[in-house]
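Colleague: If you read the protein sequences in the order shown, they are chains A and B.
Read left to right, the first sequence gives residues 1 to 185 (my numbering).
Read left to right, the second sequence gives residues 1001 to 1255 (my numbering).
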Amino acid sequence: MKLPRGRLDKSRVVTDPRDTLADVLDRELTGYAVFESQETLLLDGEGRGVMTFSDGVPVLVYHTGTDRGGPPALADLAVPGPYHVSLYTLDAADLESAHEAADLRVSPGMPAERLGGDPALADSTRRAAPDERLSAMGDGDAEAPEDGTADQSAVEAFLDDAEKIEAIKQQARSEARERAQEWDF
Amino acid sequence: MVEVFAVASGKGGTGKTTSTVALGMALSDRYDVTVVDADTGMANLLFHAGLSDAETTLHDVLADEAPVEAATYDRFGLTVVPCGTSLDGFRDADPDRLRDVVAALAEDTDIILLDSPPALDSRTAVLPIVLADRIVVVLQPTIPAISDGLKVQEYATTYDTDVAGLLFNKIRESESIEQVSEKTERYFDGPTLAAVPESERAREARRAGRPLLAHAPECEAATAYRAAAESLTVRDGAAADAADRFQSAVIPESL
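What follows is the structure in structure tokens.
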């Protein structure tokens, strides 16, 4: 995915990608966000996740570490926080050619629903999306555009990544052991 | 016989309390069930069980101001131990006393369900998982819910607590859950007990301060909870040493 650099709008560390999605929607940002995991233990920690937005509504997702786009890239992006997130603004015209990459697309509500785990935010995002986004998303994805079936692909892609899940489990186990001592159970 | 289950999720909003009460009611056909609001910082079991005006709660017991019997209420065929919602109550409560509470309740019931805090970030949040024999993990088909559910499982198993099963909750009508639940099961030590549909009845029940299984016993969600309870095989614990078992529940020494 090639994007013009854009103007850096915000750069901060967040624990939950949901907060970034809510913020972007709120401010109707046109541009993109770069998610960089602060977690070096995890395999995908090295790559960066890039998500583009039109008026606050997610359009494309791409992960530089795995070179995957669309729903699977959302799964790649899903590592335990915190993330370092940089938001860049662009003119809508600058995103036009990038947004032609249909294989990198996600449906408007999918990031909030599946990555953010916030159905209410997903609903607000869908309401903010232009009609053609809601009807066009079915193409090449699933039979119905904004239903759960299409959205599930991100969750399934996450579940297909056995190595990452093992890393999450391992991290939790070592955290649990450390804390047992700290908490003096 | 007594077995203690912590109903847990790593994330809030999964419908954990609704699930705890529904499982409890469904299990109460076969067992004597006690439900405890172990989410002492964000209690809401009382609102689900019509106990919002309960005078004595778990907070008072944990503050050593009342015996546990004073905070138990018989509602909807269950023994319910609600928790209060005041900040003062939370501040004065000593979470470690939860061990004694569980030990005392264990002498007189078949099943204890602990509605656990949706977090792993403090001793108080994790204690119910440590005290339980097994956990029921409440999930939604989203990446954070599953990822947090995995963490809950790993904490539990690290502390020698087993996994009884998974409960997928708030499934939308359009969602096909089979593949997600099948793939999820690969990473969990327990089976999917049920997939519970998102339910307007559950919201109504919550507003009415009644458990779902009392408010709309025939609805799809209630049926799913009954199926979950049905597939849960309760293990026979030794009643005699129940008190000991919970009072001495500690992290295994192998750590």
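Backbone N, C-alpha and C define an ideal beta-carbon position, used for all residues, glycine too.
#1: Do Ser-86(A) and Ala-22(A) count as a contact pair if the criterion is CB distance below 9 Å?
#2: Are the CB atoms of Ala-1038(B) and Leu-1212(B) nearer to each other than 9 Å?
#3: Does chain A have any CB closer than 9 Å to the CB of Glu-1065(B)?
#4: Hey, quick one: how far does the alpha helix (DSSP H) through Thr-1184(B) stretch, first residue to last?
#5: Within 9 Å (strictly less), CB to CB, does Ser-1147(B) reach chain A?
#6: Is the CB-CB distance between Phe-158(A) and Ile-1177(B) below 9 Å?
#7: Would the segment 1130–1144 of chain B and the segment 1046–1063 of chain B be scored as touching if the rule is three or more Cβ pairs under 8 Å?
#8: So, does the CB of Lys-1170(B) fall closer than 9 Å to a CB anywhere in chain A?
#9: What are the boundary residues of the beta strand (DSSP E) that includes Glu-36(A)?
#10: Compute the distance between the beta-carbons of Gly-1050(B) and Leu-1150(B), then report whether it is under 9 Å.
#11: Select from the segment 100–113 of chain A all residues with a C-beta closer than 9 Å to any C-beta belonging to chain B, and list them in chain order.
#12: Specify the secondary structure class of Tyr-1225(B) as computed by DSSP and reduced to three states.
#13: Does any residue of chain B bring its CB to less than 9 Å from the CB of Glu-175(A)?
#14: List in chain order: all unbroken beta strand (DSSP E) runs of 3+ residues lying wholly within the segment 1093–1150 of chain B.
#15: Whose Cβ in chain B lies nearer than 7 Å to the Cβ of Pro-58(A)?
#16: Report the neighbours of Lys-169(A) on chain B: residues whose CB is nearer than 9 Å to its CB, in chain order.
#17: Does chain A have any CB closer than 9 Å to the CB of Leu-1127(B)?
#18: Report the start-end ranges of each beta strand (DSSP E) in the segment 49–92 of chain A that is 3 residues or longer and not cut off at the edges.
#19: Is the segment 120–135 of chain A touching the segment 163–170 of chain A in the sense that three or more CB pairs, one from each, lie closer than 8 Å?
#20: Are the C-beta of Arg-18(A) and some C-beta of chain B separated by less than 9 Å?
#21: So, with DSSP's three-state summary, where would you put Lys-169(A)?
#22: Secondary structure at Phe-1188(B), three-state DSSP: helix, strand or coil?
#23: Does the pairing of the segment 98–106 of chain A with the segment 10–25 of chain A give three or more beta-carbon distances under 8 Å?
#24: Around the Cβ of Lys-164(A), are there at least 16 other Cβ atoms within 10 angstroms (buried) or fewer (exposed)?
#25: Given Ala-112(A), which residues of its chain have a CB within under 6 Å of its CB, disregarding the five upstream and five downstream residues?
#26: Counting only Cβ pairs nearer than 8 Å, list the residues of chain A close to Val-1180(B).
#27: Taking Cβ-Cβ distances shorter than 7 Å, what residues in chain B pair up with Pro-72(A)?
#28: For a cutoff of 9 Å on Cβ pairs, would you count Ala-144(A) as touching chain B?
#29: Quick check on DSSP: helix, strand or coil for Leu-1193(B)?
Modeller: The short version:
#1: Numbered from its first residue, the first sequence carries residue 22(A) at position 22. Numbered from its first residue, the first sequence carries residue 86(A) at position 86. In this structure, Ala-22(A) sits away from Ser-86(A), with a CB-CB distance that is not shorter than 9 Å.
#2: Counted from its first residue, the second sequence places residue 1038(B) at position 38. Counted from its first residue, the second sequence places residue 1212(B) at position 212. Cβ atoms of Ala-1038(B) and Leu-1212(B): not closer than 9 Å.
#3: As a first step, residue 1065(B) must be located in the second sequence, where it is residue number 65. Not one chain A Cβ lies under 9 Å of Glu-1065(B).
#4: Translated into positions along the second sequence, residue 1184(B) becomes position 184. For Thr-1184(B), the enclosing alpha helix (DSSP H) has its first and last residue at 1178–1185.
#5: Position 147 of the second sequence, counting from 1, holds the residue named residue 1147(B). In terms of beta-carbon proximity, Ser-1147(B) lines the interface with chain A, with at least one pair separated by less than 9 Å.
#6: Counted from its first residue, the first sequence places residue 158(A) at position 158. Counted from its first residue, the second sequence places residue 1177(B) at position 177. No; because the gap between Cβ atoms is not below 9 Å, this pair is not in contact.
#7: Pairwise C-beta distances place the segment 1130–1144 of chain B out of contact with the segment 1046–1063 of chain B, as fewer than three of them are shorter than 8 Å.
#8: As a first step, residue 1170(B) is located in the second sequence; it is residue number 170 there, counting from the start. With 9 Å as the cut-off, Lys-1170(B) counts as an interface residue toward chain A.
#9: Sequence index remark: in the first sequence, residue 36(A) carries index 36 (1-based). Glu-36(A) -> beta strand (DSSP E) spans 31–37.
#10: Stepping through the second sequence from its first residue, residue 1050(B) is reached at position 50. Stepping through the second sequence from its first residue, residue 1150(B) is reached at position 150. Result no, Cβ atoms of Gly-1050(B) and Leu-1150(B) do not sit closer than 9 Å.
#11: Within the segment 100–113 of chain A, the qualifying residues are Glu-113.
#12: By 1-based counting over the second sequence, the position of residue 1225(B) is 225. Tyr-1225(B): helix per DSSP, three-state reduction.
#13: Position 175 of the first sequence, counting from 1, holds the residue named residue 175(A). Yes, contact with chain B.
#14: Fully enclosed beta strand (DSSP E) runs of 3 or longer: 1111–1115, 1134–1139.
#15: Indexing the first sequence from 1 puts residue 58(A) at position 58. Annotation: Pro-58(A) has no Cβ neighbours in chain B at a cutoff of 7 Å; minimum Cβ distance is about 15 Å.
#16: Counted from its first residue, the first sequence places residue 169(A) at position 169. Neighbours of Lys-169(A) on chain B, chain order: Leu-1150, Lys-1151, Gln-1153, Glu-1154, Tyr-1187.
#17: The residue you call residue 1127(B) lines up with position 127 of the second sequence. True, the Cβ-Cβ gap to chain A drops below 9 Å.
#18: For the segment 49–92 of chain A, whole beta strand (DSSP E) runs of length 3 or above, ordered along the chain, are 57–63, 83–89.
#19: Result no; under three Cβ-Cβ pairs closer than 8 Å.
#20: As a first step, residue 18(A) is located in the first sequence; it is residue number 18 there, counting from the start. So yes, Arg-18(A) belongs to the interface.
#21: Indexing the first sequence from 1 puts residue 169(A) at position 169. Helix at Lys-169(A).
#22: What you label residue 1188(B) is simply residue 188 of the second sequence in a count that begins at 1. Phe-1188(B) falls in the coil class under three-state DSSP.
#23: Taking a cut-off of 8 Å for Cβ pairs, the segment 98–106 of chain A and the segment 10–25 of chain A do not touch, as fewer than three such pairs fall below it.
#24: Mapped onto the first sequence, residue 164(A) falls at position 164. Its Cβ being crowded by 16 or more others within 10 Å, Lys-164(A) is buried.
#25: To locate residue 112(A), count along the first sequence from 1; it is residue 112. These residues qualify, in order along the chain: Leu-21, Asp-118, Leu-121, Ala-122, Thr-125.
#26: In the second sequence, the residue the question calls residue 1180(B) occupies position 180. Here the neighbours are Gln-152, Val-155, Glu-156, Leu-159.
#27: One-based indexing of the first sequence puts residue 72(A) at position 72. What Pro-72(A) touches in chain B: nothing, since even the nearest Cβ is about 12 Å away.
#28: Working through the first sequence from its first residue, we reach residue 144(A) at position 144. With a pLDDT of only 38 at Ala-144(A), under 50, the local geometry of the prediction cannot be trusted, and the value read off the model is given with reservation. Chain B contact via Cβ: present.
#29: In the second sequence, the residue the question calls residue 1193(B) occupies position 193. Leu-1193(B) falls in the strand class under three-state DSSP.
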